[in-house]
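Take a look at the structure set out below.
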Amino acid sequence: MDLTVTAPRTRIQPHAPVGRTARHAAWNDSARCVDVAVVGIGYAGLPLAVAAAAAGHRTRGLDLNDRLVVEVNSLRPPVDTVTANQLAEVAGLLDASTDPAFLRQCSTIALCVPTPVDARGIPDLGPLLAAVRTVRDHLVPGQLVIIESTTYPGTTDGVVRQLLEESGLRAGEDFSLAFSPERVDPGNQSFGFHNTPKVVGGLTTACSARAAEFYRALTPHVHVTRGTREAEAAKILENTYRQVNLALVNEFAQICHRLGVDVWDTIEAAATKPFGFTPFLPGAGVGGHCIPVDPLYLVHRAAQEGLPFRMAEQAQRINDSMPVWVAARARTLLEEHGIPLRGARVLLLGVTYKPNIADVRHSPAEPLAAELQALGAEVTYHDPYVDGFTVYGRRLPASHELSAGLAAADLTLVVQRHHAYTEAALGGASLLLEACGPVATRRTALLADDSEGGAPTHPATRDFS
Numbered sequence: 099m100d101l102t103v104t105a106p107r108t109r110i111q112p113h114a115p116v117g118r119t120a121r122h123a124a125w126n127d128s129a130r131c132v133d134v135a136v137v138g139i140g141y142a143g144l145p146l147a148v149a150a151a152a153a154g155h156r157t158r159g160l161d162l163n164d165r166l167v168v169e170v171n172s173l174r175p176p177v178d179t180v181t182a183n184q185l186a187e188v189a190g191l192l193d194a195s196t197d198p199a200f201l202r203q204c205s206t207i208a209l210c211v212p213t214p215v216d217a218r219g220i221p222d223l224g225p226l227l228a229a230v231r232t233v234r235d236h237l238v239p240g241q242l243v244i245i246e247s248t249t250y251p252g253t254t255d256g257v258v259r260q261l262l263e264e265s266g267l268r269a270g271e272d273f274s275l276a277f278s279p280e281r282v283d284p285g286n287q288s289f290g291f292h293n294t295p296k297v298v299g300g301l302t303t304a305c306s307a308r309a310a311e312f313y314r315a316l317t318p319h320v321h322v323t324r325g326t327r328e329a330e331a332a333k334i335l336e337n338t339y340r341q342v343n344l345a346l347v348n349e350f351a352q353i354c355h356r357l358g359v360d361v362w363d364t365i366e367a368a369a370t371k372p373f374g375f376t377p378f379l380p381g382a383g384v385g386g387h388c389i390p391v392d393p394l395y396l397v398h399r400a401a402q403e404g405l406p407f408r409m410a411e412q413a414q415r416i417n418d419s420m421p422v423w424v425a426a427r428a429r430t431l432l433e434e435h436g437i438p439l440r441g442a443r444v445l446l447l448g449v450t451y452k453p454n455i456a457d458v459r460h461s462p463a464e465p466l467a468a469e470l471q472a473l474g475a476e477v478t479y480h481d482p483y484v485d486g487f488t489v490y491g492r493r494l495p496a497s498h499e500l501s502a503g504l505a506a507a508d509l510t511l512v513v514q515r516h517h518a519y520t521e522a523a524l525g526g527a528s529l530l531l532e533a534c535g536p537v538a539t540r541r542t543a544l545l546a547d548d549s550e551g552g553a554p555t556h557p558a559t560r561d562f563s
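Position in the sequence shown (first residue = 1) + 98 = our numbering.
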């Protein structure tokens, strides 16, 4: 189904600021008991809800998932982008519900629902449009509606605007409409909602101003774009930049391996240049909620206009091929030690998509495990953050004790370098392949916050070099 709307782009200049005329009497500031609604209280929505509550807004999260609602109301964070202490600090100002009736009370409604792709890489706006319809059914004059879900340019001022205007209200006149992409980075200890700049683009100048005013109460760093499409495109550009550079260094790592070049030493050397170079590190693939997904939104939208986004498409193919290459490395390493891969016991360490978090969305560990299994290996995993891990619907056996798992495995393959996987902790491995690079070296400590200090000593340690 083609969800693209190709209506002409307009910039409306209302005669009066939204919410300031007699037409907006339906929304009464003094009568409301909930000020801010956040639709979708997952990895991106809950940090926004906490930030709004911390700024003094009476905030309520709306979600169809009963478990998320119960956990938030019980002050138990259901995602690792918010801590229990953060929830406790805003307990009097934040709660959650599955009933959307309260939306009519709110001055601001932010939508933070998933925007995935299907098995063919085609954008699936279904969850977002379902949330927009819910807002439409409870929309009252004077409200500010913000889309934070990643999408391709033209969504907010196209299909989202059209759905909302089915309420009989006009965007930019009866209610404000804006786009502000989420920038949540799970596990990042340096940057959170409070100090990560917010990009905001409104349907009109007044919409932009109102959305910017809302966010400036939550963070001092707000950048206003020309419109909603520029804000939508900015998010996709950010993640395509990362996708392309990761593909570059992943393919570069394969070439270095073939030529007998230490890729990690090479990256360290290049990173000494104080300008014109940003270091990216190779790995077993690319995962998470952004990089494997967001560029495909623009690939799809550009294709509808007859414009191939070749760089993003090729980067996607390279990154998707990395688990297969790592599995081939594992096979070669085992055979070099006289062990056939078929029937070999392979232990995967760290099945999340990045170190020191519990998020397994689009983790490269899944296709890597599937490839190893297809080649006949007996695959298990260990991860202190993940209680259960499935590979395309089938549960992967877990090794709950690291030392016992290392002792039983013919090959230990480090997919993500959690803090627990120190050189000392991995000393019991008979054969070690480190898809994320060597542990505890000066160069990995320099380039990755999640590495440990020291020098590798295990004689069987291998990396991408």
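Heads up, the beta-carbon is just placed ideally off N, CA and C, and yes, glycines get one too.
From the DSSP secondary-structure annotation, give me the bridge partner or partners of residue i.
i, result
"residue 276", "244 and 300"
"residue 476", "443"
"residue 206", "134 and 242"
"residue 159", "136 and 194"
"residue 215", "221"
"residue 496", "479"
Could you have a look at residue i and say whether DSSP puts it in helix, strand or coil?
i, result
"residue 509", "strand"
"residue 488", "strand"
"residue 327", "helix"
"residue 143", "helix"
"residue 321", "strand"
"residue 393", "helix"
"residue 367", "helix"
"residue 346", "helix"
"residue 269", "strand"
"residue 383", "coil"
"residue 282", "coil"
"residue 170", "helix"
"residue 459", "coil"
"residue 416", "helix"
"residue 293", "coil"
"residue 451", "coil"
"residue 250", "coil"
"residue 544", "Summary for residue 544: the model assigns pLDDT 29, below 50, so the residue's position carries little reliability; its value from the coordinates is reported in the next sentence. Residue 544: helix per DSSP, three-state reduction."
"residue 335", "helix"
"residue 407", "coil"
"residue 354", "helix"
Quick one, which of the options has its alpha-carbon nearest residue i's?
i, options, result
"residue 247", "230, 261 and 453", "230"
"residue 220", "250, 233 and 199", "250"
"residue 434", "140, 196, 529 and 321", "529"
"residue 300", "144, 153, 177 and 274", "274"
"residue 380", "290, 487, 329 and 360", "360"
"residue 261", "224, 196 and 508", "224"
"residue 448", "533, 264, 476 and 369", "533"
"residue 163", "188, 305 and 137", "137"
"residue 212", "386, 312 and 371", "386"
"residue 267", "243, 437 and 358", "243"
"residue 507", "432, 413 and 279", "432"
"residue 489", "483, 502, 341 and 472", "472"
"residue 340", "367, 377, 509 and 368", "377"
Taking buried to mean at least 16 other C-beta atoms within 10 Å of its own C-beta, is residue i buried or exposed?
i, result
"residue 499", "exposed"
"residue 403", "exposed"
"residue 395", "buried"
"residue 485", "exposed"
"residue 430", "exposed"
"residue 168", "exposed"
"residue 120", "Caution is warranted here: a pLDDT of 29 is assigned to residue 120, below 50, making its placement in the model unreliable, and the coordinate value is therefore given only provisionally. Exposed is the call here."
"residue 324", "exposed"
"residue 326", "buried"
"residue 179", "buried"
"residue 415", "exposed"
"residue 289", "exposed"
"residue 470", "buried"
"residue 527", "buried"
"residue 234", "buried"
"residue 388", "buried"
"residue 371", "exposed"
Measure the beta-carbon distance from residue i to residue j and round it to whole angstroms, keeping in mind my assumption that it falls under 8 Å.
i, j, result
"residue 226", "residue 209", "7 Å"
"residue 186", "residue 174", "In fact, because the Cβ distance is near 10 Å, the residues do not count as touching under 8 Å."
"residue 383", "residue 465", "7 Å"
"residue 157", "residue 147", "5 Å"
"residue 497", "residue 445", "6 Å"
"residue 411", "residue 391", "Rounded, the Cβ-Cβ distance is 14 Å, inconsistent with contact."
"residue 194", "residue 159", "4 Å"
"residue 494", "residue 428", "That pair is no contact at about 16 Å."
"residue 322", "residue 314", "Rounded, the Cβ-Cβ distance is 10 Å, inconsistent with contact."
"residue 277", "residue 345", "At roughly 27 Å, the Cβ-Cβ gap does not stay under 8 Å, so residue 277 and residue 345 are not in contact."
Any chance the CB of residue i is under 8 Å from a heavy atom of the ligand NAD?
i, result
"residue 171", "The ligand NAD is absent from the structure shown, which contains no ligand whatsoever."
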